[in-house]
Ligand code: 13P
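Residue numbers (the numbering used here): 11 to 260.
Have a look at this one:
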């Protein structure tokens, strides 16, 4: 049985005092879950969030990283730096980074390899635009992103890569993919991984859905055969709402 991983992506929101209050509020609400709870916070919140979440079941992640260990890369933060303060997860290749910050399949691949080098768990985002879906190319586009993202990884690394399928048209729009469409894509991703790394690896890979996930639709999405939790944007900014998503079975 694959574990469900419910990750919040705060994007560019939350000052440290709000982050600490959020985590204090969240701790008792999610302490009994068997699902993995992750909060991916802005760099400036990382240290405060790690302290606030210490000795709890809440894991802290970053939203991006550079693939080099250090050097003349003004404004960047490396995987080694993240690991040095206790960060466990890192989102890689979010569509907003691909769209606004020139992230490519190649940089995504380099970042995933670097994340593993420094002991971080990557949450790798893939997804199609509305135009690509309407042209009937969604599966081809997304499975191609998967192939390029995972290129050169060992079986063990591939197995430990979390994939977040986030259709771009569903992000922040209130439009959620139907559970059938979301499951069809997560299944296609799993089949691609099986083709690349074998069925055993494919069966173990965690594949999340992201895009307007909220407490009212989490259960129907996360109950599908190939959806192993979610990457949650807007609805992760409210502790009560996020806790309901984490505890979606109840
Ligand atoms: P929303 O949940 O706000 O649609 O954002 C999804 C997302 O981009 C998570 O990474």
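Idealized CB from N, CA, C, for every residue including glycine. Computed from a predicted model, the values in this text were never measured in an experiment.
- Item | Environment of residue 141 [buried if 16+ CB atoms lie within 10 Å] | On the chain shown, position 131 is the one that residue 141 refers to. With fewer than 16 Cβ atoms within 10 Å of its Cβ, residue 141 is classed as exposed.
- Task: Indicate whether the contact test is met: 3 or more Cβ pairs, each with one atom in the segment 185 to 205 and one in the segment 241 to 254, closer than 8 Å.
- Result: no
- Message: Report the CB separation of residue 115 from residue 158 in whole angstroms; it is logged as a contact under 8 Å.
- Response: Within the chain shown, the letter at position 105 stands for residue 115. Within the chain shown, the letter at position 148 stands for residue 158. Contact flag correct, Cβ pair sits at about 4 Å.
- In terms of alpha-carbon separation, which member of 188, 32, 153, 83 lies closest to residue 62? Along the chain shown, one-based indexing puts residue 62 at 52. Comparing Cα positions, the closest option is 32.
- Query: Pick out every residue whose C-beta is nearer than 6 Å to a heavy atom of ligand 1: which are they, in chain order?
  - Reply: The set, ordered by position in the chain, is 19, 104, 176, 181, 182, 220, 221, 222, 223, 241, 242, 243, 244, 245.
- Short check: CB of residue 129 to CB of residue 174, under 8 Å? If you number the chain shown from 1, residue 129 lands on position 119. If you number the chain shown from 1, residue 174 lands on position 164. Not in contact: residue 129 and residue 174 (Cβ atoms no closer than 8 Å).
- Item | Among 193, 110, 208, the one whose alpha carbon lies nearest that of residue 166 | By 1-based counting over the chain shown, the position of residue 166 is 156. Selected option, being the one with the closest Cα: 208.
- Item | Residues sharing a beta bridge with residue 155, DSSP | In the chain shown, the residue the question calls residue 155 occupies position 145. In DSSP, residue 155 forms no bridge with anything.
- Message: Between which two residues does the beta strand (DSSP E) holding residue 162 run?
- Response: Numbered from its first residue, the chain shown carries residue 162 at position 152. Careful: residue 162 lies outside any beta strand (DSSP E) and carries neither H nor E.
- Task: Could you check what DSSP says for residue 198 in three-state terms: helix, strand or coil?
- Result: By 1-based counting over the chain shown, the position of residue 198 is 188. Looking at residue 198 - three-state DSSP - the assignment turns out to be helix.
- Message: What does the Cβ neighbour count give for residue 199, buried or exposed, with the cut at 16 atoms within 10 Å?
- Response: Counting from 1 along the chain shown, the entry for residue 199 is found at position 189. The residue in question, residue 199, is buried, as its Cβ has 16 or more Cβ neighbours within 10 Å.
- Boundaries of the beta strand (DSSP E) in which residue 89 is found, first to last residue: The residue labelled residue 89 in the question sits at position 79 within the chain shown. Run containing residue 89: none in the beta strand (DSSP E); it sits in the alpha helix (DSSP H), 89 to 95.
- Item | Span of the beta strand (DSSP E), counted from its first residue to its last, around residue 19 | For the purposes of this step, residue 19 is identified with residue 9 of the chain shown, where counting begins at 1. Where residue 19 is concerned, the enclosing beta strand (DSSP E) stretches over 15 to 19.
- Message: What does the Cβ neighbour count give for residue 160, buried or exposed, with the cut at 16 atoms within 10 Å?
- Response: Residue numbering aside, residue 160 sits at position 150 when the chain shown is read from its first letter. Its Cβ being crowded by 16 or more others within 10 Å, residue 160 is buried.
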